[in-house]
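Enquirer: Residue numbers (our numbering): 469 to 728. By construction, the Cβ of each residue, glycine as well, lies at the ideal position given by its N, Cα and C atoms. I have a structure I would like to understand better, so I am pasting it below and will then ask my questions one at a time.
What follows is the structure, encoded as structure tokens:
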């Protein structure tokens, strides 16, 4: 039997990067995966890929900054699969901004998805899990939420700090309903956004891709950055029976950048 056999899992922001890796790992481990993604093309493409590989996947176009979309996601998942066993809150937005450049609109955009949207996803799905008497929630935070200073902007760090705090409070609140809530805090991870930054540095520093990656990796104690699969492996564990007594924790996957 696979580790997540027949479990119903929602993964938000599943179209690319860490979310895509988690959705793919979950499908490989036997989960029925709901691809909750705002970008229709990305969502449909991944759903088809997972189905072609023998998995069971459902695409639901979702913007988690909109509460109506969250309600629709929960209702349609429950109707289609009969319940929800796992929620991975991965969706987030950000851009590079200096301290004095963050506007109110930037703040609301980042927090609308990264903290508000994440909370209401937890609230909506946890109601279904409470009825079932079990559930697993995995929130994707960041070491930026623990104060690591190298981040896209302070609003993003604030949103991820909120994720860590909400994870702890949700874990203690929902434990009585047999719902585990944990967070993963990635460090430098080789997503599409990472490679966009690499390309920018190649131009400004007149260096090759390999040289820029080596420069980035050199700042990490273990001397290597994450692949999305590194986060996905932990997300599988936290959703599995092996993690049944683990809740309220925020796990760093960062090669030693933040040791806490």
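Per DSSP, what kind of secondary structure is residue 589 in: helix, strand or coil?
Expert: Correct three-state label for residue 589: helix.
Enquirer: Give the straight-line distance between the Cα atoms of residue 508 and residue 529, rounded to the nearest whole angstrom.
Expert: In a straight line, the C-alpha of residue 508 is about 6 Å away from that of residue 529.
Enquirer: Pull up the distance between the alpha-carbon of residue 544 and that of residue 700, whole angstroms please.
Expert: C-alpha separation (whole angstroms): 25 Å.
Enquirer: Any idea what DSSP makes of residue 652, helix, strand or coil?
Expert: In the structure shown, residue 652 sits in a strand (DSSP, three-state: E or B).
Enquirer: Indicate whether residue 523 and residue 696 have their beta-carbon atoms separated by less than 8 Å.
Expert: Going by C-beta atoms, residue 523 is not nearer than 8 Å to residue 696.
Enquirer: Mapping the DSSP letters down to three states, classify residue 681 as helix, strand or coil.
Expert: Of the three classes helix, strand and coil, the one that applies to residue 681 here is helix, per DSSP.
Enquirer: If you drop the 5 nearest sequence neighbours on each side, which residues of the same chain put their C-beta closer than 8 Å to that of residue 539?
Expert: Only 592 meet the Cβ criterion.
Enquirer: Which word fits residue 647, buried or exposed, when buried means at least 16 other C-beta atoms lie within 10 angstroms of its C-beta?
Expert: Buried, since its Cβ has 16 or more Cβ neighbours within 10 Å.
Enquirer: With 16 other CB atoms within 10 Å as the buried threshold, where does residue 739 fall?
Expert: Residue 739 lies beyond the residue range present for the chain, which begins at 469 and ends at 728; the question has no answer from this structure.
Enquirer: Taking the alpha carbon of residue 712 as the point to measure from, which residue in 635, 602, 560 and 726 has its own alpha carbon closest?
Expert: Closest by alpha carbon: 602.
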